[in-house]
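Chains as they are written, first to last, in the UniProt record's numbering: chain A, 1 to 365; chain B, 1 to 360.
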């Protein structure tokens, strides 16, 4: 099978910025504050930065690996473990991508349920959203990328809404700095990285970037922009809420939007939640696209043939997880899987791949 | 393939019918104010004030009407109220929530919890305590050119721009759930056919325990936040009085040894103008210095007296504990709370009078 897609299916290197950023900013940013504050309290905003730096490092590792393999994660797996085991590993990663899509979709539907329409049929809204996902993903990677681009353009201005909370904030809330132990800090960093999940999809769509080696700086800028968004959100939330209050607030960012006042709209959070669909949709689309791409690379099944079954499985999944506890469980399971993938699996692959190539080069010489 | 696409389009089209219940503005009643009263047997009584229009679209007259009912939970009250109204209630535009004095002094935890959970209740709404029954307050008509919900909201809003410290539902939650500060809200009373702010109602966590008079709310605001408006009357000499109009005021807290042997210095810097000094010549440098000194002394005295009173009551609406936490590592709230009533607090005021109006 030809590794390199045709040129008319590629996207320009600078789109890596949007692809990385849109995948990292999703439902997590609506309520990550209380989770990181649980361990490191008012110091947790620093964990946002340290977590981000680790992501920079992981993106660097991924690029080294991908450049040398001349393809994607599936090629790396084959280099290291051969066709059979490599294929199995790639399948696992694909399944993980599917769960990532499910988690994002289900969590967003929960937000709609709790905040806007408590009477909504889950299957109804899920079917509509997955219909839209089908429409984008069947259009191919370029369409999905375009969606990611618009998501960043539309979602980023929402960060300026923090301005409305500034007059009710006490910046002294985040003082004194370094008031928590290193262990607390480490736990918060670990929790925070779960919000940075999504960049690892790069391992599958890498060949679809034109001159992929040129896209590295864009990817790193994408990560940097994500860190910026999360840091601003965290600092402002910690200044606006007291720590005790934060403990009770499930969606701190959404609750913060409640203070927003415009002459023409009394309650902004409803508009915010609706706009957030554009932020969430590319997350689902890119992850679903990666699932179909993974199956194509491993089993040579055409992407349009796997798309419908994958969407049906995700649809079934949204019906399976019913209440807050179950959705929380889904979230923590997927985050745990993501945690092991980015902190143990990617560095391990990086080292192994480097060794394998070194040995091979010696043999050739 | 076209067939499949057609199917998709058809499915999406049919799903349009699956929308959740619609809320058309004409078909609902937007509650403007909710008042909670104490009722016998562990019950509470809620009164809602709803704007209504009478007459056709040509000469519609805006007025407000009230409904009230009693029950154990506020959600159930809503259900009971629904039984006597033409249209369903919607709580998305509640702007003021009032608690009766007796109810507030027994604690408002249950009501606050229910309000917290409701996503349709905003955070920029005002909470207030009322002297007397809120039902009476809300069901009367006031000759102010506004219906009751708009009247209450605007009155509180504009006073918070002036001499009253800023306090909305978010501030309440901040202190209620956080450690090291206690909530406060406006205290309302009905007098001479109007509703007026009688002072600052102070809470000990969820219980209303004390209040500061409206005249002193300026001093409280000086201590609580930086602001740019409001005015206060000072005594000058034996018979004379003057009014200082605040142009800008800044407050600064210095907290020493927060963990061991705390000591607090509060510095207030006020730049203001004196327009109303009843005969005191305002163009002499010496006179102005004298005025500044008098104002400074009185502010310091009043502020220290106020802080002392708060400490004796064991409440902390100024958030001293919260501020102390930010100055010390490994801060222990339990220890702080024990020491709190006896912590020495000094207030230093720096007053600058810049203008005396347009004549000399």
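Ideal Cβ placement from N, Cα and C applies to all residues, glycine included.
Interface residues of chain A facing residue 174 (chain B) [CB-CB closer than 9 Å]: Near residue 174 (chain B) (Cβ distances below 9 Å), the residues of chain A are 168, 170, 240, 241, 242, 244 and 245.
Close beta carbons around residue 218 (chain A), own chain, < 7 Å, minus the five adjacent residues each side: Excluding sequence neighbours, residue 218 (chain A) sits near 13, 14, 16 and 17.
CA-to-CA distance, residue 299 (chain B) to residue 81 (chain B), given in whole angstroms: One C-alpha to the other measures close to 49 Å.
Element boundaries [beta strand (DSSP E), containing residue 98 (chain B)]: Residue 98 (chain B) -> beta strand (DSSP E) spans 96-100.
C-alpha distance - residue 129 (chain B) paired with residue 324 (chain A), whole-angstrom precision: Rounded to the nearest angstrom, the two C-alpha atoms are 35 Å apart.
Residue 69 (chain B), DSSP secondary structure in three states: Residue 69 (chain B) carries a strand assignment under DSSP once its states are collapsed to helix, strand and coil.
Boundaries of the alpha helix (DSSP H) in which residue 264 (chain A) is found, first to last residue: Element bounds for residue 264 (chain A): n/a, residue is neither H nor E.
Within chain A, the residues that residue 329 (chain B) reaches when beta carbons sit closer than 7 Å: Within chain A, 176 and 179 have C-beta atoms less than 7 Å from the C-beta of residue 329 (chain B), given in sequence order.
Where the alpha helix (DSSP H) through residue 50 (chain B) begins and ends: Per DSSP, residue 50 (chain B) is not a residue of any alpha helix (DSSP H); the beta strand (DSSP E) it occupies stretches across 44-54.
Contact with chain B by residue 257 (chain A), beta-carbon distance below 7 Å: Chain B, which has no Cβ nearer than 7 Å to the Cβ of residue 257 (chain A), makes this no.
Beta-carbon proximity check, residue 147 (chain B) vs residue 62 (chain B), cutoff 7 Å: In contact: residue 147 (chain B) and residue 62 (chain B) (Cβ atoms closer than 7 Å).
Burial state of residue 258 (chain A) (16 or more Cβ within 10 Å): Its Cβ being crowded by 16 or more others within 10 Å, residue 258 (chain A) is buried.
Stretch-stretch touch, CB-based, cutoff 8 Å, three pairs: the stretch 332-339 of chain A with the stretch 40-52 of chain A: The stretch 332-339 of chain A, when compared against the stretch 40-52 of chain A, does not touch it at the 8 Å Cβ threshold.
Cβ-Cβ distance between residue 294 (chain A) and residue 94 (chain A) below 7 Å: Going by beta carbons, residue 294 (chain A) and residue 94 (chain A) fall inside the 7 Å limit.
Any chain A beta carbon closer than 7 Å to residue 250 (chain B): Chain A contact via Cβ: absent.
Residue 331 (chain A) in three-state terms, based on DSSP: Residue state, collapsed to three classes: helix.
Own chain partners of residue 215 (chain A) with C-beta closer than 6 Å, once the 5 adjacent residues on each side are dropped: Closer than 6 Å at the Cβ level, and outside the excluded window around residue 215 (chain A), lie 13, 16 and 209.
Candidates B:93, B:286 and B:288, of which the one nearest residue 31 (chain B) by Cα: Minimum Cα distance to residue 31 (chain B) is reached at B:93.
Assigned exposure category for residue 79 (chain B) - 16 Cβ within 10 Å defines buried: By the neighbour-count rule (16 or more Cβ atoms within 10 Å), residue 79 (chain B) is not buried but exposed.
Proximal residues to residue 252 (chain B) (C-beta, below 6 Å), its chain only, five neighbours per side dropped: Cβ neighbours of residue 252 (chain B) beyond the five flanking positions: 267.
Cβ neighbours of residue 84 (chain B) in the same chain (closer than 7 Å, five flanking residues each side left out): Counting only Cβ-Cβ distances below 7 Å, and skipping sequence neighbours, we find 67.
Residue nearest to residue 305 (chain A) in terms of C-alpha spacing, selected from A:193, A:154, A:138 and A:252: Among A:193, A:154, A:138 and A:252, the Cα nearest to that of residue 305 (chain A) belongs to A:138.
DSSP state of residue 166 (chain B) mapped onto helix, strand, coil: Per DSSP, reduced to three states, the secondary structure at residue 166 (chain B) is coil, with no helix or strand assignment.
For residue 180 (chain B), the three-state DSSP class (helix, strand or coil): Secondary structure at residue 180 (chain B): coil, using DSSP grouped into helix, strand and coil.
Helix, strand or coil at residue 328 (chain B) [DSSP, three-state]: Assignment of residue 328 (chain B) by DSSP, reduced to helix, strand and coil, places it in the coil class.
Rounded straight-line distance, which links the Cα of residue 336 (chain B) to that of residue 315 (chain B): Between the alpha carbons of residue 315 (chain B) and residue 336 (chain B) lies a gap of roughly 12 Å.
Under 9 Å (Cβ pairs) to chain B, residues found in the stretch 105-119 of chain A: Per Cβ criterion, the list reads 114, 115, 116, 117, 118 and 119.
Beta-bridge pairing of residue 199 (chain B) - partner residues as DSSP gives them: DSSP lists B:187 and B:213 as partners of residue 199 (chain B).
Cβ contact (3+ pairs, closer than 8 Å) linking the stretch 286-300 of chain B and the stretch 176-192 of chain B: Look at the beta carbons and you see the stretch 286-300 of chain B not touching the stretch 176-192 of chain B: under three pairs across the two are nearer than 8 Å.
Cutoff 7 Å: residue 107 (chain B) Cβ touching any chain A Cβ: Chain A, which has no Cβ nearer than 7 Å to the Cβ of residue 107 (chain B), makes this no.
Interface flag, residue 248 (chain A) vs chain B, CB-CB below 7 Å: Yes - at least one Cβ of chain B is within 7 Å of the one on residue 248 (chain A).
Interface residues of the stretch 265-289 of chain A facing chain B [CB-CB below 7 Å]: Flagged, chain order: 266 and 267.
Interface flag, residue 177 (chain B) vs chain A, CB-CB below 7 Å: True, the Cβ-Cβ gap to chain A drops below 7 Å.
CA nearest to the CA of residue 270 (chain A), picked from A:52, A:311, A:115 and A:249: Looking only at A:52, A:311, A:115 and A:249, the smallest Cα-Cα distance to residue 270 (chain A) is reached by A:115.
Whole-angstrom distance between residue 89 (chain A) and residue 77 (chain A), CA atom to CA atom: So the alpha carbons of these two residues sit roughly 7 Å apart.
Contact set for residue 195 (chain B): own chain, Cβ-Cβ below 6 Å, skip 5 residues either direction: Within the same chain, residue 195 (chain B) has close Cβ partners 188.
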